[in-house]
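> Numbered according to full-length UniProt numbering, the sequence shown spans residues 1 to 371.
Encoded as structure tokens, here's the structure I'll be asking about.
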Amino acid sequence: MRFAAEGARVLGAVVLGALTAPVEAVFLLVTLPFAGGTAGAARWLARWEARRLLLDPAVLDRASLDPPAGGGDGSRARLFLAARVPLGLLGALVLVLLVFGAWQAGRLVWAWVLDEAYDGMSRSVPLGLYTFTLGGVLLFLALTGLAGVHVLERRLAVRMLGPDRTEALERRIVQLSESRAGIVAAVDSERRRIERDLHDGLQQRLVALSMLIGRARRGHPALMDQAHVEAQQALGELREVAWRVYPSGLDALGLDEALAGVAERSEVPVTVACDLPGRPPPAVETAAYFVVSEAVTNANKHAGAGRVEVAVRMEGAALVVSVRDDGVGGAGASGGGLSGLRRRVAALDGGFAVDSPPGGPTVIRAELPCG
């Protein structure tokens with residue numbers, strides 16, 4: 001069914017391209033003496049062709065399709081239209097051959113059913129085998145021609161309307177530089193948070209524990225029970241800090257079990273739906289864990305939530321993580337913890353979004369490519 005839908009889409013695109021090719025040829029010839037004054041129309045036709053070919057806008061150069069700030073003569077759009085006119089006419093020729101072949105096949109079937117002669121030839125088994133074989137080969141060639149025209153048009157559009165290769169490399173370098181700077185900032189921020197946790201929490205508790213043990217050694221045995229309680233609390237805080245640095249159970253147990261541990265440690269009820277066909281790459285798995293962990297922590301500390309819902313699933317080649325809480329909302333993606341998550345996800349070329357209107361609910365969504 002999917003193959004048939006894709007074939008119908010390609011057929012429709014080629015048919016439309018065959019219809020627009022002569023129109024664009026006339027447009028280019030008529031407007032040739034005053035090309036500068038028709039730049040807007042040329043860009044509009046190029047945009048229409050890009051939509052007909054279902055091209056992703058990300059692979060095209062917007063300057064060649066949209067009017068630049070300083071004007072411009074739309075020369076790239078006109079060159080693309082001129083180059084694709086022969087391809088459109090080629091697609092029209094293939095369609096004509098396909099329609100002619102279908103008409104001849106219909107005539108043959110009709111003559112066969114009525115037991116009439118076809119081009120002076122009577123119905124026979126050899127004739128049927130011959131025409132069936134030849135017709136199948138011609139049909140295959142026609143369909144291959146349609147697919148070839150469509151692929152050539154897409155490649156031509158990307159080549160002529162896409163960004164310059166040097167410019168694309170420069171943009172990628174800028175993106176990588178920003179991503180690297182973000183990773184460094186995220187690591188530094190995480191280190192500072194770990195230091196605060198150790199200094200303000202665990203260190204103070206260990207100091208108190210040391211004092212209790214010292215007093216107990218000086219003749220207060222009853223304080224040993226309190227020291228035992230302090231030691232248990234310090235151990236719990238140390239385990240929590242260690243899991244925030246890196247969840248050791250993630251490697252051995254997998255993402256599903258690690259997220260179940262996050263739900264168990266949460267004060268707010270958390271439901272986890274993890275539907276994965278297999279284990280994602282380690283870097284993706286780790287990023288997904290920290291997205292859920294940070295979102296659940298925020299729901300516990302800041303959102304006043306009564307319930308948190310976590311969903312992890314595959315959508316195509318990407319792992320999608322969604323965390324929803326019914327708290328007060330108002331969370332911003334620029335917040336300390338969430339901005340760190342955004343940088344962590346961006347390091348994997350993923351997408352990160354926070355939807356948190358005042359009054360809630362808050363939905364945090366991360367898309368992590370696995371390819």
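No residue lacks a Cβ here, since even glycine has one placed at the ideal position from N, Cα and C.
Please report the straight-line C-alpha distance between ALA303 and GLY330, rounded to a whole angstrom.
About 8 Å.
> Less than 6 Å between C-beta atoms, sequence neighbours within five positions excluded: which residues of the same chain meet that for VAL320?
Counting only Cβ-Cβ distances below 6 Å, and skipping sequence neighbours, we find ARG313 and GLU367.
> Give, in chain order, every unbroken run of the alpha helix (DSSP H) that is at least 4 residues long and sits entirely within the UniProt domain "Histidine kinase/HSP90-like ATPase" (283 to 371).
336 to 346, all fully within the UniProt domain "Histidine kinase/HSP90-like ATPase" (283 to 371).
> I want to know whether the segment 147 to 156 touches the segment 100 to 112 - three or more CB-CB distances under 8 Å.
The segment 147 to 156 vs the segment 100 to 112: no contact.
> Excluding sequence positions up to five away, which residues of its chain have a Cβ less than 8 Å from the Cβ of ALA69?
Note that ALA69 scores a pLDDT of 40, beneath 50, so its modelled location is shaky and nothing firm can be said.
> Could you tell me whether the Cβ atoms of ASP275 and GLY306 are closer together than 8 Å?
Result no, Cβ atoms of ASP275 and GLY306 do not sit closer than 8 Å.
> Could you compute how far the alpha carbon of GLU170 sits from the alpha carbon of ALA346?
Answer to the nearest angstrom: the Cα atoms are 18 Å apart.
> Could you tell me the alpha carbon to alpha carbon distance between LEU53 and ALA147, rounded to whole angstroms?
Their Cα atoms are separated by approximately 12 Å.
> When you compare only the Cα positions, how much space is there between ALA13 and ARG107?
Rounded to the nearest angstrom, the two C-alpha atoms are 28 Å apart.
> Roughly how many angstroms lie between the CA atoms of ALA283 and PRO33, to the nearest whole one?
About 58 Å.
> Suppose contacts are defined by Cβ-Cβ distances below 8 Å. Is LEU98 in contact with VAL149 by that definition?
No; because the gap between Cβ atoms is not below 8 Å, this pair is not in contact.
> In the structure shown, what three-state DSSP assignment does GLY70 receive?
Note that GLY70 scores a pLDDT of 40, beneath 50, so its modelled location is shaky; the value from the coordinates is reported in the next line. Coil, per DSSP.
> Under three-state DSSP, which class holds ASP256?
Correct three-state label for ASP256: helix.
> Going by DSSP, what residues sit across from ASP275 in a beta bridge?
Answer is ARG313, bridged to ASP275.
> Does the Cβ of MET211 have 16 or more other Cβ atoms within 10 Å, making it buried, or fewer, making it exposed?
With fewer than 16 other Cβ atoms within 10 Å, it is exposed.
> Measuring CA to CA, which of LEU89, LEU93 and THR31 is closest to SER75?
Considering only alpha carbons, the answer is THR31.
> Tell me the rounded alpha-carbon separation between SER339 and ALA317.
Rounded to whole angstroms, SER339 to ALA317 spans 24 Å at the Cα level.
> Is the Cβ-Cβ distance between LEU341 and VAL272 less than 8 Å?
No, the pair does not count as a contact, with Cβ atoms beyond the cut-off.
> What separation, rounded to the nearest whole angstrom, lies between the Cα atoms of ALA92 and PRO361?
Spanning the two alpha carbons is a distance of roughly 54 Å.
> VAL323 and ALA295 look like a contact to me (Cβ under 8 Å); what is the Cβ gap, rounded to whole Å?
Between ALA295 and VAL323 the Cβ distance is about 4 Å, and since that is below 8 Å, they are a contact.
> Count the other CB atoms within 10 Å of the CB of ILE364; is the residue buried (16 or more) or exposed (fewer)?
With 16 or more Cβ atoms within 10 Å of its Cβ, ILE364 is classed as buried.
> What does a CB cutoff of less than 8 Å around ALA77 pick up in its chain, not counting 5 residues either side in sequence?
Here the set comprises ALA39, ALA42, ARG43, LEU45, ALA46, SER64, LEU65 and LEU161.
> Count the other CB atoms, across all protein chains shown, that sit within 10 Å of the CB of ALA8; report buried if there are 16 or more and exposed otherwise.
With fewer than 16 Cβ atoms within 10 Å of its Cβ, ALA8 is classed as exposed.
> Leaving out five residues before and five after GLY71 in sequence, what residues of the same chain have Cβ atoms less than 6 Å from its Cβ?
The predicted position of GLY71 is uncertain, since its pLDDT is 44 and thus under 50; no value can be drawn from it.
> Check this for me: beta carbons of ALA25 and VAL113, under 8 Å apart or not?
Not a contact, by the Cβ cut-off of 8 Å.
> Out of GLU116, VAL94, ASP115 and PHE27, point me to the one whose CA is closest to THR144's CA.
Per the Cα distances, VAL94.
> What first and last residue would you give for the alpha helix (DSSP H) that runs through THR144?
Looking at the DSSP string, the run of the alpha helix (DSSP H) that includes THR144 is 125 to 161.
> Near THR286, what residues of its chain come up, given a Cβ to Cβ distance below 6 Å and the 5 sequence neighbours on each side ignored?
Cβ neighbours of THR286 beyond the five flanking positions: none.
> Quick one: residues in its chain with C-beta nearer than 6 Å to the C-beta of ALA263, no 5 flanking neighbours on either side, listed in chain order?
Same-chain partners within the cutoff: VAL270 and VAL272.
> Taking 7 Å as the cut-off, is the C-beta of ARG154 nearer than that to any heavy atom in the ligand PLP?
Only the bare structure without any ligand can be found here, which leaves the ligand PLP out of the picture.
> Within this structure, are the beta carbons of GLY89 and ALA21 separated by less than 8 Å?
What sits at residue 89 in the sequence shown is Leu, not Gly. In contact: LEU89 and ALA21 (Cβ atoms closer than 8 Å).
> Among ALA18, SER356 and ASP349, which residue has its Cα nearest to the Cα of GLN175?
The candidate whose alpha carbon is nearest that of GLN175 is ASP349.
> Using DSSP bridges, identify the partner residues of VAL270.
Per DSSP, VAL308.
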